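One structure below.
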Amino acid sequence: MGMIINGQWEEIDRIHDKSRYQRPVSKYNNKYKIEDLISNSGRYYLIGSWSCPWSHRTLIYRHLLGLEKHIPLHMTGGKKIQGYSANHGDSWHIPGTLKEDHQSITHLHELYVFNDKHYTGRSTVPILWDSKTLSIISNESTDIIDLLIKATGQINPQQATLLDPPSAITHKAVLALNTKIYEQFSNGVYQAAFAKSQQAYDIAIRNVFELLDFLEEKLQHRRFLFGDQPSHSDWLLFPSLVRFDIEYYLHSGCCHKQLRDYPKLWLYARRLYHTGKIADTVNFEAIHASNYFNTPIKPLMPTQNWQQLDSTQ
Ligand SMILES: N[C@@H](CCC(=O)N[C@@H](CS)C(=O)NCC(=O)O)C(=O)O
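Heads up: the sequence shown begins at 228 in our numbering, then just goes up one per residue.
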């Protein structure tokens with residue numbers, strides 16, 4: 228995996244620390260406010276990828292907060308040459324720039340450099356792009372989600388608090404669970420996949436399956452992590468569950484068990500999948516295909532049955 232060094236794409240990798248994969252920290256800290264998100268419908272673009280779990284989180288919030296009509300979506304993807312392709316190998320017109328100025332890009336990293344010609348960092352999705360100031364507002368999914376929630380709260384406070392857990396649950400408890408899920412599982416699967424020593428892999432894989440066991444236990448007597456309704460923790464977890472059997476099990480060395488070997492967790496994941504139009508945010512074919520862009524043969528998708536929602540499955 229390459230990255231951008233002082234505005235130039237370079238094929239180097241700076242993501243390992245003592246054989247352990249370290250997810251790079253975002254360069255855009257949450258200094259922006261986007262209060263006009265709804266009054267200025269169409270100004271902010273969400274740029275993501277169907278295969279990316281962090282993009283998926285932002286897609287879920289865009290849907291659950293009812294923001295689809297206000298935030299245009301652009302999905303990158305295709306063969307990875309110099310990181311993410313901006314538009315499946317075709318050129319892509321940067322939103323907000325004049326067509327006659329020919330501001331088109333082929334690789335996503337060009338957007339980062341368009342935004343800051345001395346940028347050093349990774350070229351990642353998701354991105355929240357401001358088509359008015361022609362700048363990247365954030366490339367950190369949790370910040371983007373936070374911005375979307377705050378912007379929704381300006382207009383519709385009830386909608387913005389819809390995903391808050393029951394009032395008896397403290398903010399501290401939610402944060403603690405979210406951190407555990409992120410560290411052991413959502414990021415843990417990448418630490419297993421990208422480990423450069425047996426020891427780094429062993430630690431990562433133990434974390435992943437301990438977390439799955441913990442969740443299975445937690446869901447024995449409740450429908451969602453904090454009760455009868457899904458809340459933030461459920462939605463932050465969901466993208467990683469969706470990818471488990473077709474991606475992490477097959478490609479990240481997480482092959483000890485599959486999601487469907489955990490009866491409660493498997494049922495719970497399908498319950499989330501069948502909430503509202505969440506299924507539209509999941510593109511199994513794209514997740515599967517993303518592992519084979521650079522190989523001549525694309526294997527047949529593993530069979531999965533997300534459609535059926537009964538407890539015997
Ligand atoms: N902290 C970021 C992580 C985003 C991220 O790592 N995205 C991956 C795709 S799933 C990516 O773009 N990787 C390309 C790279 O690291 O060069 C977030 O949560 O938004």
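Think of the CB as a built atom: it goes at the ideal place given N, C-alpha and C, for glycine as much as any other residue. Since the structure is predicted, the reported quantities are computational estimates derived from the model, not experimental observations.
If we ignore side chains and look at the alpha-carbon of each, how far apart do residue i and residue j end up?
i             : j              : result
alanine 496   : arginine 450   : 10 Å
glutamine 540 : tryptophan 462 : Only weak support exists for where glutamine 540 lies, its pLDDT of 43 falling under 50; the value from the coordinates is given anyway. Those two C-alpha atoms are separated by around 22 Å.
alanine 513   : serine 278     : 6 Å
proline 384   : glutamate 295  : 18 Å
glutamate 444 : leucine 452    : 11 Å
aspartate 488 : threonine 324  : 50 Å
So who's on the other strand from residue i, going by DSSP bridges?
i              : result
arginine 449   : Paired residue(s): none; arginine 449 is not in a bridge.
glutamine 235  : Ile232
methionine 541 : Because the chain in this structure spans residues 228 to 540, residue 541 falls outside the shown range and cannot be described.
aspartate 244  : Arg247
tyrosine 271   : Asp357
isoleucine 363 : Trp356
serine 197     : In the structure as shown, the chain starts at 228 and stops at 540, and residue 197 therefore has no counterpart that could be examined.
May I ask whether a heavy atom of ligand 1 can be found less than 8 Å away from the beta carbon of residue i?
i              : result
glycine 305    : no
glycine 415    : no
tyrosine 271   : no
tyrosine 248   : no
isoleucine 242 : yes
tyrosine 259   : no
isoleucine 364 : no
tryptophan 356 : no
tryptophan 281 : yes
Is it the case that the Cβ atoms of residue i and residue j are separated by a distance below 9 Å?
i              : j              : result
threonine 347  : isoleucine 432 : no
proline 392    : serine 458     : yes
histidine 301  : tryptophan 319 : yes
tryptophan 281 : serine 368     : yes
aspartate 343  : glycine 234    : yes
isoleucine 364 : isoleucine 261 : yes
leucine 264    : alanine 387    : no
tyrosine 475   : alanine 420    : yes
tyrosine 272   : tryptophan 356 : yes
Quick one: what does DSSP say residue i is sitting in, helix, strand or coil?
i              : result
proline 470    : At residue 470 the sequence reads arginine, which differs from the proline that was named. Of the three classes helix, strand and coil, the one that applies to arginine 470 here is helix, per DSSP.
aspartate 507  : helix
isoleucine 265 : coil
serine 458     : coil
serine 253     : coil
serine 312     : strand
tryptophan 319 : strand
glycine 480    : coil
leucine 300    : strand
If you measure from the CB of residue i, is any heavy atom of ligand 2 nearer than 8 Å?
i             : result
threonine 508 : Ligand 2 is not part of this structure, which contains only ligand 1.
Between residue i and chain D, is any beta-carbon pair separated by less than 9 Å?
i            : result
cysteine 481 : No chain D is part of this structure, which consists of one protein chain only.
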